[in-house]
Each structure stands twice: as structure tokens, then as C-alpha cells.
Ligand SMILES: NC(=O)c1ccc[n+]([C@@H]2O[C@H](COP(=O)([O-])OP(=O)(O)OC[C@H]3O[C@@H](n4cnc5c(N)ncnc54)[C@H](OP(=O)(O)O)[C@@H]3O)[C@@H](O)[C@H]2O)c1
């Protein structure tokens, strides 16, 4: 399937065209891979963005649409990559592609590596892991989630995710569902955000999150009702001494510039206020 035009907003049928073409013939060092399954990711839309700056080259008009795939080598002129080998690669949305190991053929599927009885200490005997490899074990979803949780997320002053509350947007999605579970396994309290009650049930009942927020749900209240309810609750909690409201009050209109700049030097603690006049 080749890209015919850069989508304007939503991707429409005429942006891509399904072509009938001959199966490629490999030259020395090349293989032909028959695609089994393609990973479909939000980044496909980014890849279709033409000249807009992005993290990889855009798919050009006329190119086969890019996708990460699992497939089986059906023709080979490469001794290390024989016919029958299952591979993960940038195959694209197509039946067959010409593969160059190390370029668009990325790695052999876990199943091929079972001759080494264990990988990473996990017994994978007898399991067909090719799709798992495509989705979660390879370059995309699983590693994105793992990297986000283990390398980008900075546990707060406690220094450990175990004691944190983690909010996962897209919590029922591919990356989000893995990230949320990794946080749960580390002992965090996890709140997932997703659209619809079904996804919310999935997050709490299946993924084991502690709470779910359905961002599409109507609260049944109009905005003003909600605002009043919120004000009453905040005020009551403050009057009961249950809510700490830290204020940092400075004096004098003439000090406005120095006071406002406290916000950018971190000189304020709590809500910064400027007392301009004292009431009689
Ligand atoms: N796939 C990867 O390996 C990968 C790698 C790096 C970064 N990412 C990024 O991670 C994010 C999630 O990707 P994913 O592959 O895991 O996809 P995903 O979460 O499985 O699917 C996308 C989800 O986004 C939600 N969504 C769609 N439109 C929305 C909107 N307007 N507002 C709020 N939510 C909306 C929908 O869930 P609801 O029904 O809950 O709205 C939809 O199911 C994306 O931003 C993607 O670019 C993905």
C-alpha cells in the first residue's frame, strides 16, 4: 500500500493506494520477507506528515506505508538469515518486502533464538512469541513503556515509585497499559485515564489499576453546579482545618516587580499575594 497524498487531518482512503506488484528478487546480502503482522501505531499519522519536522524521515508520496512488522523469510541471499526465519523489521503495509538485515530487517524473533534455551533468564520453551515480540518485546510499545517508567519518570522525594501515585493517560492503550502495569508491579498507586466505561473497567478489573477516570463521562452536573460544589468543599475543608492553604503575602505596591519576580526565582512558598492596602 503506497502513500498517495498527505492526509489533511483524518486519514482517508484516497491518501493510500493498494497496488499489485511483483514479489521482489533478493540480491546478495538481501532477503525477501512475507509479512505476517504489522504493528499499527499513532506514529503512522506522524510518518504521513510530509515535510513537517519529525523524529524519523517522513514516508514520501509513492512510498510503501511504513510499519513495523513480523514476517517470515521466503527467499534469501544471506547465509545468516535463511528461509523460514521469522523476523521483526520495518516491513511496511505490504505482503512482501525486500529486506536488508541490519537496515530494515532488525532482528530474529524470539522463537528463532530458543536454541539458546533461555533469554534473559526467562524460559520461553514452546511459546510462539512472534506477535508478542512485535508488540511488546521489540522496538515499540514495550520498550517505550519500560523506558518511560524506569528512565524518564522521576520518583518524587521518596526516591521510589513504590510510594508514588502515578497517573497514566491513554491508560487502556498499548503503551499506557504496559506502563500502568509496570508501575503497579513496582507498588505504586495507579490512576488510569481513558475514554468510556468499558476501558475504565478494563483498567481496574483486568490491569489492576487502583482508580480509573473516564474523561468522556458526563458528570450529570453543569459547570456552574460543579464550581459551587467545589468551592463549598474547599472552604469547608479549610475551615475544618483539614486543608493546608499556604499563603505568602508580601507588602507594598511599589514592590510589585520584586515580588512578581519571586515566582521566577522560586522565592515564594505557597500562593504569592501582594498586599496593596490594609482594610480599615
Ligand atoms: N506505539 C509506540 O510504540 C509508541 C512509541 C512512542 C510513543 N508513543 C506514543 O504514545 C501514545 C500512545 O500510543 P499507543 O501506541 O499506546 O496508542 P493507544 O494508546 O493504544 O491508542 C491511542 C489511544 O489514544 C486515545 N485517544 C485518541 N484520541 C484522543 C484524544 N483526542 N484525546 C485523548 N485521548 C485520545 C484513545 O483512547 P481513549 O479511548 O482512552 O481515548 C486511543 O485508543 C501516542 O501519543 C504515541 O504517539 C507510542
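Numbering (the working numbering), first residue to last: 1274 to 1553. Glycine residues also receive a C-beta, built at the ideal position from the N, C-alpha and C atoms. All of these numbers come straight from a predicted model, not from anything done at the bench.
What's the call for residue i, buried or exposed, on a 16-neighbour Cβ count within 10 Å?
i	result
residue 1394	Reliability fails at residue 1394, whose pLDDT of 43 lies under 50, so the model's placement of it is uncertain and no value is given.
residue 1418	buried
residue 1349	buried
residue 1488	exposed
residue 1355	exposed
residue 1437	buried
residue 1427	exposed
residue 1470	exposed
residue 1401	Here residue 1401 scores only 48 on pLDDT, less than 50, and its place in the model should not be relied on; the value that follows carries that caveat. Label assigned to residue 1401: exposed.
residue 1392	Bear in mind that a pLDDT of 46 at residue 1392, under 50, signals an unreliable position, so the model cannot answer this.
Just to confirm, is the Cβ distance from residue i to residue j under 7 Å?
i	j	result
residue 1455	residue 1422	yes
residue 1532	residue 1547	yes
residue 1276	residue 1336	yes
residue 1312	residue 1413	yes
residue 1463	residue 1439	yes
residue 1286	residue 1373	no
residue 1358	residue 1325	no
residue 1516	residue 1510	yes
residue 1480	residue 1433	no
Within its chain, find whatever has a CB closer than 7 Å to the CB of residue i; leave out the 5 residues flanking it on each side and keep chain order.
i	result
residue 1399	At residue 1399, the pLDDT of 48 sits below 50, so the modelled position is not reliable and the matter cannot be decided from this model.
residue 1339	1320, 1332, 1363 and 1365
residue 1528	none
residue 1390	Because residue 1390 carries a pLDDT of 46, less than 50, the predicted location of this residue cannot be relied on, and the following value inherits that uncertainty. Taken in chain order, the list of residues that qualify is empty.
residue 1505	none
Within a Cβ cutoff of 6 Å, which residues of the same chain sit near residue i, ignoring the five residues on either side of it in sequence?
i	result
residue 1500	none
residue 1396	The predicted model places residue 1396 with a pLDDT of 48, which falls under 50 and marks its position as unreliable, so this point remains unresolved.
residue 1281	none
residue 1544	1520
residue 1307	1344, 1345, 1347 and 1369
residue 1327	1319
residue 1460	1435
residue 1465	1441, 1444, 1453, 1476, 1482 and 1485
residue 1301	1350
residue 1522	1546 and 1548
For residue i, which residues from the same chain have a beta carbon less than 8 Å from its beta carbon, with the 5 sequence-adjacent residues on both sides left out?
i	result
residue 1549	1525 and 1526
Any heavy atom of ligand 1 closer than 6 Å to the CB of residue i?
i	result
residue 1316	yes
residue 1516	no
residue 1448	yes
residue 1467	yes
residue 1413	yes
residue 1462	no
residue 1477	no
residue 1335	no
residue 1365	no
residue 1443	yes
residue 1505	no
residue 1342	no
residue 1308	no
Kindly examine ligand 2 and report whether one of its heavy atoms sits closer than 6 Å to the Cβ of residue i.
i	result
residue 1327	Ligands present in the displayed structure are limited to ligand 1, and ligand 2 is not among them.
Segments assigned beta strand (DSSP E), at least 3 residues, entirely inside the region 1473-1528: The DSSP assignment places complete beta strand (DSSP E) segments of no fewer than 3 residues inside the region 1473-1528 at 1484-1487 and 1520-1524, in order along the chain.
Would you mind listing the alpha helix (DSSP H) stretches within the region 1295-1368 that are 4+ residues and don't spill past its ends, in chain order? Runs found: 1316-1320.
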